[in-house]
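Chemist: The structure under discussion is supplied below as structure tokens; questions concerning it will follow.
Chains as they are written, first to last, in the UniProt record's numbering: chain E, 1 to 252; chain C, 1 to 380; chain X, 1 to 227.
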């Protein structure tokens, strides 16, 4: 779900704060939906540190891939997986060697009801619910991870008829937060803020139940000669960004 | 014909109000007023005459119940259709009436036959007093039955619409300017059928028109409407001659007289018409008509002049002895309409005020009228 | 052709959804359109505006409201739960309800236009020919409005087949229940299966074109027919 208001405000804010800087450049960033909240926190910090403005467009990784492939003016791509940026890089749309993992996502089984989950997989195994929401495993890395968890717990067959799929991790969160699905696998970053759960109840899924959700960044060809783009790539690998990213429940 | 059509059944149950139509409609809206209170004969053709915007059509729609006047009373030959005092209102589809709309309003998706059958099959078989074949024959539309309305001329559409209305065996037939949308040729095509209706069916007809010719030709009773109010209501010939209604036909003031064919001269193609109550005859060039046949003649006031003596040396054919009844000065102050009696009939002359004074015209004066032009209205 | 069984099932489901929705829309839309065409009530404009809302709202807005209201805490959800039906999100029934809302103007507006074009005159003629209002509606208005019904049914059907946002929001992508063709195209695009996406998308394009071509051709014939 892209919402143009917050990031245009963000750009405005950053622009105003640094209007004095003669070096101020701008970078267009395509951002995977699950990273919406962190990038909004990173933008002003990035502007303060470098004088450059970050303009973000949000979407599902596959959708952003299609847009980049067809000439969208993005200069940096923050994907929700590792394979999509790799594909772009090998297709010559990214700057070779610029790809790196900017965050490792954490999967969480979450319910909007405060007393529903007890920090374990017990509710999942008890199978007393109507709907379990996951992101489309073929389209979204968090969906793939969720299906791996179900397989590992031996619940795939038992829960097949309870599954409802969101097209993105954002939509999956919607299904759960509106109560249409009692529980669902979402990104920890979506329900986690300032180091703790912002609402509802959850089971943070142990890393060993699914493959790593490596989220890779790539400097795109269009941003190759933009100092602001290079600055962002550099900033994302620095300690300031790392602190912000971790505060949203990602690993590094 | 009437016997054939109605099989001798009575038209309405016996009732003291039979043969009378009582109607009172009052509608007041911004920019529009209809305030009429009418007593009309329960048989024959009553014309609602007036300029456009005078409320004729609104009045007719109230008769049909298509518009509901908040203050209204309507009784037709003993049947109460609306009484706002008791809140009674008979819905249009429950009223035994036929309505012919100005633009025919045939159903575009139905053939002529299906249009005719639409109303016919919706009344119980025992109340069908007009068989389909008779209506078709009366209106001369037998060759049109398989056609769709879009393939009919304007005149044909109106005839189908009239037949369609008749086939509901109405107790009251309402005609809303059925000829208004037709050119002269089509008018002349439909008019004879309307006259046949009048002559052959005993259904009271309310006929809305703004055409003096149509009214003069068809009506028995005339109601003049002006700005939603009744200016005059009475038998046609009396009302046409009312001196207080100069607006009636204004410049086209005219009289209608009845007579019968007394002679035909084939050599000069001259038809003589004897007026009732006098030996005087009117003559005009015309095709032959049977002696004794009743005819109706229209005389325009501007074609009638007056003379104190019987002129001998004139090309005018029609010189009739007359007696002055009364007169009216027109708004321009230069012309006067003089009402005259010839035998049992009345006619009007339009002369200048100068001539009026010069001739010293006074009431009950005997003089001669000279008629320049005469036209035959009905020849049924 | 690289289409899978899931693709064919999705197409079949789209057609089922569109057929059922169209039938329901004609049943619901006819009285609404008739009322809108006839009334002088002050409610005419507000109701007309509500019916037209899906024309201007992004489908995701309707989808979002449906998701919330059909959910366990929403008004519709509470009603369906109290009737023992559970919640309607992620069900075919839920999609039908969502589609009815979403495609409503595409059915109501052509019908309303048709009724308004017919006007009062044929009804008045029918009344003076002893037809009661219901009789007149069935024997005069319905046949005269036939081109309007054709347009309404075709647009309602085609629009439902093409519906995406609402289905996406309340469907849950369940094969055989809520995974319709438009969502399946999105799935293929998302997973970079462009060949399958092309086949489905091309099929939808051809379908939409043929439907609209049929509609415009029939309109042209209709015009010639009535004059």
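Note that the Cβ used here is the ideal one computed from N, Cα and C, for glycine as well.
Taking CB distances under 9 angstroms as the criterion, tell me whether residue 173(X) reaches chain E.
Modeler: Position 173 of the third chain, counted from the first residue, corresponds to residue 173(X). So yes, residue 173(X) belongs to the interface.
Chemist: Would DSSP call residue 226(X) helix, strand or coil?
Modeler: The residue you call residue 226(X) lines up with position 226 of the third chain. Only weak support is given to the placement of residue 226(X): the predicted model assigns it a pLDDT of 40, under 50, and the question is left unresolved by the model.
Chemist: Just checking: is the beta-carbon of residue 198(X) within a distance shorter than 9 angstroms of some beta-carbon in chain E?
Modeler: Counting from 1 along the third chain, the entry for residue 198(X) is found at position 198. So no, residue 198(X) is outside the interface.
Chemist: Measuring CB to CB, does residue 166(X) end up less than 9 angstroms from residue 63(X)?
Modeler: Residue mapping note: residue 166(X) aligns to position 166 of the third chain, counting from 1. Residue mapping note: residue 63(X) aligns to position 63 of the third chain, counting from 1. Closer than 9 angstroms, so yes.
Chemist: Going by DSSP in three states, residue 279(C) sits in which element: helix, strand or coil?
Modeler: Counting from one through the second chain, the residue named residue 279(C) turns up at place 279. Correct three-state label for residue 279(C): coil.
Chemist: Residues in the region 167-184 of chain C with C-beta within 7 angstroms of chain X's C-beta atoms, listed in sequence order?
Modeler: Of all residues in the region 167-184 of chain C, 168 have a Cβ within less than 7 angstroms of some Cβ in chain X.
Chemist: Given 8 angstroms as the limit, is there contact between the region 322-341 of chain C and the region 256-263 of chain C, that is, 3 or more CB pairs closer than that?
Modeler: The answer is no - the region 256-263 of chain C does not touch the region 322-341 of chain C, with fewer than three Cβ pairs under 8 angstroms.
Chemist: If we define contact as Cβ-Cβ less than 9 angstroms, is residue 64(C) a contact residue for chain X?
Modeler: If you number the second chain from 1, residue 64(C) lands on position 64. So yes, residue 64(C) belongs to the interface.
Chemist: Strictly under 9 angstroms for the Cβ-Cβ distance: is residue 60(E) near chain X by that measure?
Modeler: Stepping through the first chain from its first residue, residue 60(E) is reached at position 60. So, interface residue.
Chemist: Using the C-alpha atoms, what's the distance from residue 300(C) back to residue 247(C)?
Modeler: Along the second chain, one-based indexing puts residue 247(C) at 247. Along the second chain, one-based indexing puts residue 300(C) at 300. For residue 247(C), the pLDDT reaches just 49, beneath the cut-off of 50, and the residue's location in the model is therefore unreliable, although a value from the coordinates is still provided. C-alpha separation (whole angstroms): 15 angstroms.
Chemist: So residue 134(E) is in the beta strand (DSSP E); what residue range does that whole segment cover?
Modeler: Here residue 134(E) is taken as the residue at index 134 of the first chain, counted from 1. Segment 132-135, the beta strand (DSSP E) holding residue 134(E).
Chemist: State the start and end residues of the unbroken beta strand (DSSP E) segment that holds residue 347(C).
Modeler: Your numbering for residue 347(C) matches position 347 in the second chain. Looking at the DSSP string, the run of the beta strand (DSSP E) that includes residue 347(C) is 345-352.
Chemist: What is the rounded straight-line gap between the Cα of residue 83(C) and the Cα of residue 190(C)?
Modeler: Mapped onto the second chain, residue 83(C) falls at position 83. Mapped onto the second chain, residue 190(C) falls at position 190. Going from the Cα of residue 83(C) to the Cα of residue 190(C) covers about 36 angstroms.
Chemist: Apply the 10 Å Cβ neighbour rule to residue 37(C) and answer buried if 16 or more other Cβ atoms are within range, or exposed otherwise.
Modeler: Taking the first residue of the second chain as position 1, residue 37(C) is located at position 37. Burial call: exposed.
Chemist: For residue 45(C), which residues of its own chain have a beta-carbon under 6 angstroms away from its beta-carbon, when the five flanking residues on both sides are left out?
Modeler: One-based indexing of the second chain puts residue 45(C) at position 45. Around residue 45(C): 198, 205, 207, 218, 219, 220.
Chemist: On the three-pair Cβ rule with 8 angstroms, is the region 174-187 of chain C touching the region 22-41 of chain C?
Modeler: The region 174-187 of chain C, when compared against the region 22-41 of chain C, does not touch it at the 8 angstroms Cβ threshold.
Chemist: Which whole-angstrom value is the C-beta distance of residue 135(C) and residue 163(C), which I expect to be below 8 angstroms?
Modeler: Reading the second chain from its first residue, position 135 is the one you call residue 135(C). Reading the second chain from its first residue, position 163 is the one you call residue 163(C). Residue 135(C) to residue 163(C), Cβ: 4 angstroms. Contact.
Chemist: Determine the contact status of residue 283(E) and residue 73(E), defining contact as a CB-CB distance below 9 angstroms.
Modeler: No statement about residue 283(E) is possible, as the shown extent of chain E runs from 1 to 252 and does not include it.
Chemist: Taking Cβ-Cβ distances below 9 angstroms as the criterion, which residues of the region 116-137 of chain X are in contact with chain C?
Modeler: So the list reads 120, 121, 122, 124, 125, 126, 127, 128, 129, 130, 131, 132, 133, 135, 136, given in the order they occur along the chain.
Chemist: Output the boundary residues of the beta strand (DSSP E) element that contains residue 259(C).
Modeler: Translated into the one-based positions of the second chain, residue 259(C) becomes position 259. Residue 259(C) -> beta strand (DSSP E) spans 254-265.
Chemist: Does residue 166(E) come out as helix, strand or coil in the three-state DSSP assignment?
Modeler: Residue mapping note: residue 166(E) aligns to position 166 of the first chain, counting from 1. Residue 166(E) falls in the strand class under three-state DSSP.
Chemist: Shortest alpha-carbon distance to residue 77(C) belongs to which of 238(C), 85(C), 87(C), 95(C)?
Modeler: Numbered from 1 along the second chain, position 77 holds the residue referred to as residue 77(C). That would be 95(C), whose Cα lies nearest to the Cα of residue 77(C).
Chemist: Between the Cα of residue 118(C) and those of 99(C), 317(C), 304(C), 167(C), spot the shortest distance and give me the residue it belongs to.
Modeler: Sequence index remark: in the second chain, residue 118(C) carries index 118 (1-based). Here the closest residue by C-alpha is 167(C).
Chemist: Can you determine whether any heavy atom of the ligand FMN sits closer than 8 angstroms to the C-beta of residue 29(X), and answer yes or no?
Modeler: You won't find the ligand FMN in this model; it holds no ligand whatsoever.
Chemist: Output, in chain order, the set of chain X residues within a Cβ distance shorter than 9 angstroms of residue 269(C).
Modeler: As a working note, residue 269(C) is residue 269 in the second chain. Those do not exist, as residue 269(C) stays about 45 angstroms from chain X at its closest Cβ, beyond 9 angstroms.
Chemist: Check the Cβ-Cβ distances between residue 89(E) and every residue of chain X, and say whether any is below 9 angstroms.
Modeler: For this step, residue 89(E) is matched to residue 89 along the first chain. For residue 89(E), the answer is no, since every Cβ of chain X falls outside 9 angstroms of its Cβ.
Chemist: Over the uninterrupted alpha helix (DSSP H) stretch that includes residue 95(X), give me the two end residues.
Modeler: Here residue 95(X) is taken as the residue at index 95 of the third chain, counted from 1. Note, residue 95(X): alpha helix (DSSP H), 92-118.
Chemist: At which residues does the beta strand (DSSP E) containing residue 28(E) begin and terminate?
Modeler: On the first chain, residue 28(E) is found 28 positions in, with the first residue counted as 1. That run of the beta strand (DSSP E) goes 26-32.
Chemist: Unbroken beta strand (DSSP E) runs of length 3 or more, entirely within the region 95-123 of chain E: which are they?
Modeler: Taking only runs of at least 3 residues, the beta strand (DSSP E) segments lying wholly in the region 95-123 of chain E are 100-105, 107-111.
Chemist: In chain E, what lies closer than 8 angstroms to residue 186(X) by C-beta?
Modeler: Your numbering for residue 186(X) matches position 186 in the third chain. Correct list: 167.
Chemist: Using alpha carbons as the reference points, say which of 99(X), 92(X), 20(X), 29(X) lies closest to residue 114(X).
Modeler: What you label residue 114(X) is simply residue 114 of the third chain in a count that begins at 1. Considering only alpha carbons, the answer is 29(X).
Chemist: Identify whether residue 130(C) lies in helix, strand or coil by the three-state DSSP scheme.
Modeler: Taking the second chain and counting its residues from 1, one reaches residue 130(C) at position 130. Of the three classes helix, strand and coil, the one that applies to residue 130(C) here is coil, per DSSP.
Chemist: Looking at chain C, which residues of the region 140-165 of chain X have a Cβ within less than 9 angstroms of any of its Cβ atoms?
Modeler: From the region 140-165 of chain X, only 140, 143, 144, 146 have a Cβ closer than 9 angstroms to chain C.
Chemist: Report, in whole angstroms, the separation of the C-beta atoms of residue 42(C) and residue 19(C), which I expect to be a contact under 8 angstroms.
Modeler: As a working note, residue 42(C) is residue 42 in the second chain. As a working note, residue 19(C) is residue 19 in the second chain. Confirmed, Cβ separation roughly 4 angstroms.
Chemist: Here's the rule I'm using: 16 or more other beta-carbon atoms within 10 Å means buried, otherwise exposed. How should residue 366(C) be labelled?
Modeler: On the second chain, position 366 is the one that residue 366(C) refers to. With fewer than 16 Cβ atoms within 10 Å of its Cβ, residue 366(C) is classed as exposed.
Chemist: Anything in the region 82-94 of chain X with a Cβ closer than 8 angstroms to a Cβ of chain E? List those residues in chain order, please.
Modeler: Listed by position along the chain: 86, 87, 89, 90.
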